[in-house]
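S.K.:
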Amino acid sequence: MGLELIERASTVLAQAAPEDDYQVALAEATDAWWALAEAPTLAWPERSMPDTDVQQLAEAVAALVMVVAEAILTVASKTTEPADRVACLRAAHHAGNVHAAMK
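The opening residue of the sequence shown carries number -6 in our numbering; numbering runs sequentially from there.
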């Protein structure tokens, strides 16, 4: 999800200002998303996972959620569009709930 957010933001930047750096960022963000999509641990499990694997994955996701939430809050603090700020704050709120549920 964090990579999807990065890809979406890179898409906006590439469309708004089609400078080479933004095009490169978009291509790299897309490649990062596809690379992660090939991670076997993150695929839908065909069988149940051992409890230790479940716990480790939950902890890793919780840590990732915090990084993404902080990035969303940074965007919220810098935007001048009230609707963007509200959307970011709502997303950060829900991310916090995800983090709490993972713990």
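Here a beta-carbon is modelled for each residue, glycine too, at the ideal position from N, C-alpha and C.
Should the stretch 81 to 93 be regarded as contacting the stretch 52 to 69, the criterion being three or more beta carbon pairs within less than 8 Å?
M.R.: Touching, yes, given that three or more Cβ pairs across the two stretches are closer than 8 Å.
S.K.: How many Å lie between A32 and G(-5) at the Cα?
M.R.: To locate residue 32, count along the sequence shown from 1; it is residue 39. To locate residue -5, count along the sequence shown from 1; it is residue 2. Rounded to the nearest angstrom, the two C-alpha atoms are 15 Å apart.
S.K.: Just the C-alpha distance for T73 and A2, rounded to the nearest angstrom, thanks.
M.R.: Position 80 of the sequence shown, counted from the first residue, corresponds to residue 73. Position 9 of the sequence shown, counted from the first residue, corresponds to residue 2. When rounded, the distance between both Cα atoms is 16 Å.
S.K.: If I'm right that A28 touches E0 with Cβ under 8 Å, what's the distance once you round it to whole angstroms?
M.R.: Within the sequence shown, residue 28 is the residue found at index 35, counting from 1. Within the sequence shown, residue 0 is the residue found at index 7, counting from 1. Between E0 and A28 the Cβ distance is about 12 Å, and since that is not below 8 Å, they are no contact.
S.K.: Along the chain, where does the alpha helix (DSSP H) that runs through A32 open and close?
M.R.: Translated into the one-based positions of the sequence shown, residue 32 becomes position 39. Here A32 belongs to no alpha helix (DSSP H), and DSSP marks it neither H nor E.
S.K.: Find the nearest neighbour of A94 within the set E52, E12 and A7, judged by alpha-carbon distance.
M.R.: Translated into positions along the sequence shown, residue 94 becomes position 101. Nearest C-alpha to A94: E52.
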